[in-house]
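Student: Heads up, the sequence shown is in UniProt numbering, so the first residue is 1 and it goes up one at a time. Below are the structure tokens for one structure; questions will follow.
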Amino acid sequence: MPSVGGGSAGSVVASRLSEIPCVSVLLLEAGGIVAPLLNDVPALARQFWFTNLDWQFKTVPQKHTGLGLVNRQVIWPSGKGLGGSGLLNAMLNVRGNRKNYDDWAAQGATGWSFKDVFPYFIKLEDNRNSEYLAKW
């Protein structure tokens, strides 16, 4: 089963699929692998902008914002490599606003209320991997 993108979501999807005994998983990633030291130091994330590890996206010219930006375009760093945009965002994880999730559920997105997704946030945030914890 192919899984496209080795970023924060794609790598988790590939890992979870690989837990199914009868499934073989191929993880496809457009970029390469980053040197471990660079990938382990969040303060270096900015160094990857405008490199071969960044898709180098920009927004279309903005009408009401971006007055101080070249061509009124906002730079939109997007990772291209194992780790995806996590390579470029200092490994930060921020939960969405509770109201947004509840609004999605109210509009018919079953299973997407804050109450529904909260256990997954806890699972993500409760790292008990002793090898990882010992390293840091």
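The beta carbon of each residue, even a glycine, is placed where N, CA and C say it ideally should be.
1. What three-state label does DSSP hand Lys80 in the structure shown?
2. Express the C-alpha separation of Thr51 and Leu88 in angstroms, rounding to a whole number.
3. Suppose contacts are defined by Cβ-Cβ distances below 8 Å. Is Leu53 in contact with Gly79 by that definition?
4. Is the beta carbon of Gly66 less than 8 Å from the beta carbon of Val74?
5. How about Gly81 and Ile20: are their beta carbons less than 8 Å apart?
6. Could you compute how far the alpha carbon of Trp112 sits from the alpha carbon of Trp76?
Tutor: Let's see:
1. On the sequence shown, residue 80 is found 80 positions in, with the first residue counted as 1. Correct three-state label for Lys80: coil.
2. Here residue 88 corresponds to residue number 88 of the sequence shown, with the count starting at 1. Here residue 51 corresponds to residue number 51 of the sequence shown, with the count starting at 1. Each residue's Cα considered, the two are about 11 Å apart.
3. Here residue 53 refers to the residue found at position 53 of the sequence shown. Here residue 79 refers to the residue found at position 79 of the sequence shown. Yes.
4. Position 66 of the sequence shown, counting from 1, holds the residue named residue 66. Position 74 of the sequence shown, counting from 1, holds the residue named residue 74. Closer than 8 Å, so yes.
5. For this step, residue 81 is matched to residue 81 along the sequence shown. For this step, residue 20 is matched to residue 20 along the sequence shown. Contact flag unset, no.
6. As a position in the sequence shown, residue 112 is number 112, starting the count at 1. As a position in the sequence shown, residue 76 is number 76, starting the count at 1. Cα to Cα, the separation comes out at about 26 Å.
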